[in-house]
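For reference, the structure is listed below as structure tokens.
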Amino acid sequence: MRAVARQQYDSVSVPPFTLFFHPTDPLPYLNYAIPDETPGDAAALAETLSRLKAEFVRRGRRPRFEFVGAVFPALADALEASGFEIEARPQLMVATPDARRDAPPVAGLAVETLSSASPLDAFSEFLLVQRRAFGLARPAAVSEKDARWLRDGLGAGLCFVGRMRREAVAVSMFLDPQDGLTELVGIGTLEPHRRRGLAAALTRAALDAAFARGVCVAFLSAADARAGRVYEAAGFAPFGNTVFAVAKDA
0 MRAVARQQYD SVSVPPFTLF FHPTDPLPYL NYAIPDETPG DAAALAETLS
50 RLKAEFVRRG RRPRFEFVGA VFPALADALE ASGFEIEARP QLMVATPDAR
100 RDAPPVAGLA VETLSSASPL DAFSEFLLVQ RRAFGLARPA AVSEKDARWL
150 RDGLGAGLCF VGRMRREAVA VSMFLDPQDG LTELVGIGTL EPHRRRGLAA
200 ALTRAALDAA FARGVCVAFL SAADARAGRV YEAAGFAPFG NTVFAVAKDA
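Counted from 1, the sequence shown has number 84 at position 85 by numbering that gives the first Met the number 0; the numbering is strictly sequential.
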């Protein structure tokens, strides 16, 4: 997670944390800190968090954390005691090639693959569908800079666009693999096309392509139990939780 974030974002070290900032987009999910090691005592943590918050505010971002709960088991409580609130505890899920499951076919679905060599307007369309699926932004919020940032940071990762009657209605992607690991992110379907198996099909497309590139373990964070069931159908299994925490006073 840290290695890929360093490829995509501007990074700032505030030990024992590294802060990652999107160069242009203030969207909270694109700006966050990841711990590098366990924080010290309460006094040291308070001083560090003060510097961390100042850096986020200086950049016009809301202070926020993302981390794997089992790696830093005491951090969530420490952040809550320091003025943060737990935004979510998504289920962390993993998949391996031997757990592969075939997603049921979706009649009329065509899946397009985007690589770092694909045209820029294809990434603009991808981001538009993704943001509409998550209700995050108006179409005007997808700029050429946003599309270029996604393409330039993709590395050996791939994006996938699901089309029904040529209309782009669902997306998925996996990030640049590191040491046989990759993360699937941004899996979404436009509201009128949900509950038709598109999410499972796009997840399966991303998994198959990742395993074909030598990935040994793929992981993702499932927002809720319903999403978890979709990913289980594609071959994922529960493996703990990630933790999202955000500052209350920002």
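The beta-carbon is built from N, C-alpha and C at its ideal position, and this holds for glycine as well.
For residue i, three-class secondary structure by DSSP
i	result
T241	strand
P34	strand
E9	It should be pointed out that residue 9 corresponds to Asp in this sequence rather than to Glu. Three-state DSSP puts D9 in a strand.
A204	helix
L26	coil
G187	strand
S220	strand
V214	coil
F20	strand
A80	coil
V70	coil
R63	strand
A233	coil
Other residues of its chain near residue i: CB distance less than 6 angstroms, five sequence neighbours each side excluded
i	result
F210	P96
V67	T241
P27	R61, R63
P196	The sequence as given places Gly at residue 196; Pro does not occur at that position. The answer, listed in chain order, is P103, V105.
N30	F20, H21, R60
E182	L174, F218
A69	G239
H192	V168
A204	V110, F159
Alpha-carbon to alpha-carbon, residue j and residue i
i	j	result
F173	P38	30 angstroms
V216	R99	11 angstroms
G156	P118	15 angstroms
A132	A45	37 angstroms
G239	L113	31 angstroms
G179	R212	9 angstroms
A73	D40	11 angstroms
A200	E79	38 angstroms
Q90	A102	21 angstroms
P104	E190	19 angstroms
F125	V214	23 angstroms
A94	A198	16 angstroms
S49	A246	11 angstroms
V184	G82	28 angstroms
E54	V168	37 angstroms
F159	A42	46 angstroms
R1	G152	14 angstroms
L206	Q177	15 angstroms
G154	R225	31 angstroms
M163	D223	26 angstroms
Buried/exposed call for residue i, threshold 16 Cβ in 10 Å
i	result
T202	buried
A109	exposed
P237	exposed
V3	buried
A146	buried
V128	buried
S142	exposed
V56	exposed
Neighbourhood of residue i by C-beta, 8 angstroms cutoff - its chain only, sequence neighbours within 5 removed
i	result
L51	V13, F16, L18, A32, P62
M92	F218, L219, S220, A221, G227, Y230, E231, F235, A236, P237, F238
D248	G82
7 angstroms Cβ shell around residue i - same chain, five flanking residues per side excluded
i	result
K144	T23
Y8	F19, F20, H21
A77	P38, L44
E65	Y31, I33, T241, F243
Any non-hydrogen atom of the ligand HEM within 7 angstroms of residue i CB
i	result
F66	This structure lacks the ligand HEM, and indeed carries no ligand of any kind.
Beta carbon proximity, residue i to chain C, threshold 8 angstroms
i	result
S117	Considering every chain present, this structure includes no chain C. It has just one protein chain.
| query | What are the start and end residues of each continuous alpha helix (DSSP H) run of 4 or more residues lying completely inside the region 85 to 129, in chain order? | reply | none
| request: Starting from the N-terminal side, write out each stretch of the beta strand (DSSP E) that is 3 residues or longer and does not extend beyond the region 127 to 185. | output: 157 to 163, 166 to 173
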